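Chemist: No gaps in the numbering here: position 110 of the sequence shown is 192 in my numbering, and each next residue is one more.
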Amino acid sequence: MAGGKAKKKKWSKGRTKDKANNAVIFDKLTFDKLFKEVPTYKLITPSVLVDRLKINGSLARVAVRDLAAKGLIKPIAVHKKQLIYTRATKEEESAAPVAVEKKEKKSKKAAVQEDDEADDE
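#1: How is ARG169 classed by DSSP in three states: helix, strand or coil?
#2: How about LEU141 and PRO121: do their beta carbons lie closer than 8 Å?
#3: Under 8 Å: do the segment 145–160 and the segment 118–135 share three or more Cβ pairs, one atom per stretch?
#4: Return yes when the Cβ of VAL144 is within less than 8 Å of the Cβ of LEU131, no when it is not.
#5: Rounding to the nearest angstrom, what Cα-Cα distance links ILE126 and LEU116 in this structure?
#6: Under the three-state reduction of DSSP, which class applies to ALA145: helix, strand or coil?
#7: Could you pull out every residue in the same chain whose Cβ sits closer than 8 Å to the Cβ of ASN138, ignoring the five residues on either side in sequence?
Have a look at this one:
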């Protein structure tokens, strides 16, 4: 009979992830980079800031809120868990007065229609 003792299975050590050594507070270089480069990114999330600037996640969330408050970036989707922003462009700022002009034109048409109705009576 070939009934010998089988070898015991060896467990692997598993994969170890490298510890990220991200900054907990802003230094001068990172702070300047935040206000110069980040508003030019097309997609701005706390995850992107953590990856590119090597800062802590909580620091990235505060930085995103600060940039939005100053009007350097504009929100796309603001959720409790994930904040998604994009760069604020000059075209959108000039587009706002166009919408106001359209509303004024509509009000003029409404005024003309009211005058026509008054003349009919």
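Even glycine gets a Cβ: it sits at the ideal position worked out from N, Cα and C.
The structure presented is a predicted model; accordingly, all values stated were derived computationally and were not measured.
Modeler: In brief:
#1: strand
#2: no
#3: yes
#4: Not a contact, by the Cβ cut-off of 8 Å.
#5: Pairing ILE126 with LEU116, the inter-Cα distance amounts to about 11 Å.
#6: Here ALA145 carries a helix assignment [DSSP, helix/strand/coil].
#7: ASN104, ALA105, VAL106 and VAL132
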